[in-house]
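What follows is a single structure, written as structure tokens, with notes after it.
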Amino acid sequence: MPNRDDAWELLCEYTKGDSLRKHALAVEAAMRAAAKRYGEADADVDEWGLVGLLHDFDYEMFPSPDQHPFTGANILCGRGYSDRMIRAIMGHATYTGVPRDTDLARTLFATDELCGFLVACALVRP
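According to this note's numbering, the residues represented by the sequence shown are 12 to 137, in order.
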């Protein structure tokens, strides 16, 4: 299983934009906090964080709905990420048809939207 350093390297390989990297970091932090709140074990907290960090890593290079997150899922599979992580990432895009049937997947869906909303609010506030 790849670690946080591997995940950061992968994110930086595919994501060059500062705003999308910041979004990834925000979702990672939110996912880690949620995992702790759910009482997940330390290893699972790390896994939840990696899911948050990597959920959009392919978006900049493969932004169309027929590519994202499908291309990213294939890359993650080839790099040894777990099926559970890949399914959660696939489920964060409503058009994939992958159900959000775990706390991990449901939390990613919610925190992705919430982090985006918080940034939008911060940008319009003086």
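Quick reminder that beta carbons are idealized off the backbone N, C-alpha and C, glycines included.
Treat the numbers as computed from the prediction; the structure is a model and nothing was measured.
Please report the straight-line C-alpha distance between residue i and residue j, rounded to a whole angstrom.
i    : j    : result
L125 : L31  : 15 Å
A54  : H79  : 27 Å
D77  : A121 : 22 Å
L119 : V38  : 8 Å
A131 : A84  : 27 Å
C23  : H66  : 13 Å
I100 : G63  : 8 Å
Y49  : L36  : 20 Å
With DSSP run on the structure shown, which of helix, strand or coil describes residue i?
i    : result
D114 : helix
G63  : helix
F57  : For the sequence presented, residue 57 should be read as Asp rather than Phe. Of the three classes helix, strand and coil, the one that applies to D57 here is helix, per DSSP.
M72  : coil
A99  : helix
Pop quiz: residue i and residue j are said to be a contact at Cβ under 8 Å. What is the actual Cβ separation, rounded to whole angstroms?
i    : j   : result
R95  : L61 : Their Cβ separation, rounded to whole angstroms, is 11 Å, which puts R95 and L61 out of contact at 8 Å.
V109 : R98 : 6 Å
W59  : M42 : 4 Å
May I have a chain-ordered list of the alpha helix (DSSP H) segments no shorter than 4 residues that lie completely inside the region 15 to 48?
Qualifying alpha helix (DSSP H) stretches, in chain order: 15 to 25 and 29 to 48.
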